[in-house]
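Taking mature numbering (1 follows the signal peptide of the UniProt record, and there is no 0), I'd label the letters of the sequence shown as residues -19 to -1, 1 to 583.
Every residue, glycine too, gets a C-beta built ideally from N, C-alpha and C.
What follows is a set of notes on a single structure, which appears directly below.
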Amino acid sequence: MKRLFLILLLCSSFFAGYAQDNIDEALAYQYYQQADYEKAVVLLEKLFNNTKNDAYFDLYFTALIKIKKYAEAENMLKKLIKQFPQKTTYVVALGRVYQENGRTAEANKIFQEAINNTPKDETKFRDLANSFYRFEAYDKAITVFLQARKLFGDEQLFNFELLSIYRFKKDKQMLIQEYVNVLASTPQLLPQAQSVLAAVFEDNNDYQLLQTALLKKIQKEPQTEIYTELLIWQYIQQQDYEMALRQLIAQDKRTKGDGSFIYNTANTFAANKAYTTAIKAFEYLLTKGPTSELYLPAKAELVNVKYELVIAGKFEKQAIQALADEYQDILTKYGKTRQTLFALRKLAYLQAYYLNDLKKAEATLEQGLLVPQVSQVEIGQIKMDLGDIYILTKQPWEAILVYEQVSKQFENQAIGNEAKFRSARLSFYQGNFDYAKSQADVLKTATTQLIANDAINLSLLISDNLQTSNDSLALKMYADAEMLQFMNLSSQALVKLDSIDIAYPKNSLADDILIAKSKIYIKTSELSKAVEVLKNLIANHNDSIWTDDALFTLADILEKKLNNPEEAKKLYQQLMNDYPGSMFNAEARKRFRNIRGDNLGT
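As C-alpha cells, this is what we get:
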C-alpha cells in the first residue's frame, strides 16, 4: 500500500511539473510573439535549462540579443561550449554575440576557428554551415561549403545547398556561376535553373550576365550541349529569336540531331508571334528530307505559321492563293484524313474570307464531314465553320440550324457554348437584340472564360445602347458594321462605323465604335491608327466595358509590334491596378513581370 502511494505521489508530481512546463511554454511563446522579451527570457531560460531543447535555445538566445543582454548570453554560451564541445551551434551563437556587441575581430576569429577545426567529414561541414545559416550568417555558411570543396577536391560538393543560399540572397552572379558549374554533371537541373533564374532576374542586364558566362563556358567546352540549351533559353527570354534560332541550327548540325529541339522551339517562336523566325526554323527542318520523322509535322506547321501571318495583316491575293495551294498540296499528297483535317479547315477559311470563293469553301467543309474516323467534336467544329459560311452566303436560318445542332449535342461543353454564342452573335447582326441578349445572358456563366467574357460584353453592349430610339437605331448600324467586319470587308465596316455619328449624333456608342475600329486597324496592320483610337478610348472612356480590352490591346501592340516594352509595362500596370477583375489581368501580370524580368516563362 505504501509502495502504491509512493508511485501515485511520483506520478502526480511528474504530471504537475509537465503541466507547469506547458503553461510556461504557452506564456513564453505569447510574450515572445508580443515582443515582450524581458518576460519571455525568464521563462525560456527555465524551459531550456530543464530540457536543453534546441527550439527553446533559439528563442532564448534571440530574446537575449533583442534586449542586449550580451554578457548573460556570452556566459551561458561559454558554459554550453564546455559542456557540449562538439555542438557547433553554440560556438556560432557566441560569435554572433560578439558581432552584435561590436566585437567583430573576436567574432571573425571564432568563426574562422570553427571552420578550420572542422574535420574532413561532410556531415560536420553541413552541420556547421547550417549553424551559420541559422543565425543569418549566410556568407559564413557559403565559406564553409567552399572550404569543404577545397578540402575534398570536389567542385560539385554541396551544389544544392549553395544554390539555395545564393537564391535566398538573390546573388545573381554566384547563382549563375553555380548553375553553370552544376549543369554539366546534372543536366536534369536545366528546368529548375530556368525557373530560378527567371524568378531572380530583374532586367536584361541580368540576362546579359548569364549570356557572358555561358559563352565563355561554351568556348571552353563546346561539346557540353546543356550550355547551348540554356543560352537558347536566354535569347528567347530577351525575345532575340533570331539569335536563338542561329544557336539551335548550329547545335543541331554539330550534334547531327533529329531536329526535335528545333521543332519544339519553333512552336515557341510561333506562340510568341515571331512568325518569320518560326518559318525559318520549319524550313530548316524540311532540309532534312522526307525521310525525317519531323518532315510532315514541320511542313504542316510551316503552312500554319504562314496562315497566321496572312490573317494577322495585309497580304496580296497572290500570296494568299499560294498559301491555299500549299494546303491543297497537303490534302492531295496525304489525302483527306483526320491528320490533315487542319489543312482542310484552314483552306476553307482562306477560300471564304480572303479568296471570295464561298462555294468552294462550303464544298471543302462538306468534304470534311465525310472524312473517316473523325471525332464528334471535330465534326462539330466543321459544322460551326459551315454555319459561318452560311452567314456569308446569306442563309442565316441554315446557320442558326447548324449552331443549334452543335449546341444541343454538346450542351454545357466548350464547343456547345461556342455554337450558342455564334447563334447569339448572328441574332445581333440581324438586329434581333432582345433575343441575342437573352442568349448571351445564358452564357455569362460558361466554363470557358473567353466565351463568358464575350457573352457579358455582348449583353452589356445591347443593354447599354437601347435606352433611346436614337441609340437603338445607332446600334443597328453598329451591328451592320460588325457583320461587314465578320465578312472581312474591313473598309466597308469602317465607313459604316464612321457614318453612325453622322446619322445619329450624340449616340451612346462612342466607346464601342472606337474598340471596333481598333480591331479593324490591327487586322489591316494600320498600327498607328489602332494606337490612336485605343488611346482615345482609354483617355475618354474609363468606365467603358472595353477599357480593360483597350489597355491590354494597346500594351500588346507596343510590346510585340512597336518595340516599346517600357510603355507597355505601364499599361499592364494600369490594367492590374484599375481593373483587377478583368479576364486580361493574369496575362497582364505575366507580361508585366516578363518585361521586368522577374518571372519569365516560355
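To the nearest angstrom, report how far apart residue i and residue j are at their CA atoms.
| i | j | result |
| --- | --- | --- |
| N446 | F565 | 24 Å |
| S563 | I576 | 20 Å |
| Q228 | N186 | 20 Å |
| K487 | L351 | 52 Å |
| L424 | I437 | 8 Å |
| L(-10) | L143 | Since pLDDT at L(-10) reaches only 38, below the 50 mark, its modelled position is unreliable, and the value read off the structure follows with that caveat. L(-10) and L143: Cα-Cα distance of roughly 51 Å. |
| L204 | A344 | The sequence given here places Gln at residue 204; Leu does not occur at that position. Approximately 54 Å, taken between the alpha carbons. |
| A86 | T124 | 17 Å |
| A52 | A95 | 21 Å |
| K571 | K317 | 40 Å |
| K550 | L556 | 10 Å |
| residue 590 | Y244 | No answer is possible for residue 590: the residues shown for the chain start at -19 and end at 583. |
| R77 | L552 | 47 Å |
| Y216 | L532 | 28 Å |
| A(-1) | A7 | Confidence is the limiting factor: at A(-1) the pLDDT is only 48, short of 50, which leaves the residue's position unreliable, though a coordinate-based value still follows. Roughly 11 Å separates the two Cα atoms. |
| G270 | K237 | 14 Å |
| K33 | L127 | 31 Å |
| K341 | A333 | 8 Å |
| A252 | E223 | 15 Å |
| Q354 | D338 | 28 Å |
| T268 | K261 | 11 Å |
| A293 | M468 | 16 Å |
| D120 | L156 | 14 Å |
| N97 | Q192 | 36 Å |
| L24 | R574 | 47 Å |
| Y37 | L138 | 32 Å |
| Q554 | A569 | 8 Å |
| I4 | K59 | 29 Å |
| A16 | N558 | 35 Å |
| L456 | R319 | 42 Å |
| Y114 | A536 | 43 Å |
Give a yes or no on whether the C-beta atoms belonging to residue i and residue j are separated by under 8 Å.
| i | j | result |
| --- | --- | --- |
| A460 | S440 | no |
| G361 | R326 | no |
| L171 | L164 | yes |
| I481 | M458 | yes |
| residue 643 | Y208 | No statement about residue 643 is possible, as the shown extent of the chain runs from -19 to 583 and does not include it. |
| I372 | Y335 | no |
| Y502 | A491 | no |
| Y485 | N451 | yes |
| E264 | D239 | no |
| K153 | L195 | no |
| V476 | L495 | no |
| K418 | S388 | no |
| F92 | A129 | no |
| Q80 | A74 | no |
| W214 | Q175 | yes |
| P377 | L407 | yes |
| N162 | E136 | yes |
| E282 | N248 | yes |
| T449 | S499 | no |
My guess is that residue i and residue j are in contact by the Cβ rule of under 8 Å, so how many angstroms apart are they, rounded?
| i | j | result |
| --- | --- | --- |
| L312 | A324 | 6 Å |
| D493 | L454 | Not a contact, Cβ separation roughly 14 Å. |
| S404 | I381 | 6 Å |
| L226 | T258 | 5 Å |
| V22 | L45 | 6 Å |
| A395 | T428 | 7 Å |
| L478 | A497 | 6 Å |
| Q232 | E206 | 6 Å |
| V284 | L266 | Not quite, the Cβ-Cβ distance comes to about 13 Å (not below 8 Å), so this is no contact. |
Quick one, which of the options has its alpha-carbon nearest residue i's?
| i | options | result |
| --- | --- | --- |
| residue 584 | Y288, E297, D529 and Y114 | The requested residue 584 is not part of the displayed model; the chain covers only -19 to 583. |
| Q390 | E359, G270, E159 and I213 | E359 |
| K131 | D102, I157 and Q154 | D102 |
| V291 | A281, Q232, L331 and Y276 | L331 |
| T69 | K47, F116, N31 and L456 | F116 |
| E19 | K49, N30 and D221 | K49 |
| P561 | K60, Q466, T321 and T528 | T528 |
| A54 | F409, D39 and F242 | D39 |
| S472 | F29, E507, L456 and I483 | E507 |
| A474 | R84, T505 and N111 | T505 |
| A180 | T246, D530, L109 and Q218 | Q218 |
Hey, is residue i close to the ligand MG, as in C-beta under 7 Å from one of its heavy atoms?
| i | result |
| --- | --- |
| I443 | The ligand MG is not part of this structure, which contains no ligands at all. |
For residue i, decide whether its Cβ has a neighbour in chain D, counting only Cβ atoms nearer than 8 Å.
| i | result |
| --- | --- |
| T209 | No chain D is part of this structure, which consists of one protein chain only. |
**Request:** Evaluate contact between the region 355 to 365 and the region 398 to 412, counting only Cβ atoms and requiring at least three cross-stretch pairs below 8 Å.
**Result:** yes
**Prompt:** Touch check for the region 532 to 545 and the region 130 to 150: three-plus C-beta pairs under 8 Å?
**Reply:** no
**Prompt:** Should the region 297 to 316 be regarded as contacting the region 518 to 532, the criterion being three or more beta carbon pairs within less than 8 Å?
**Reply:** no
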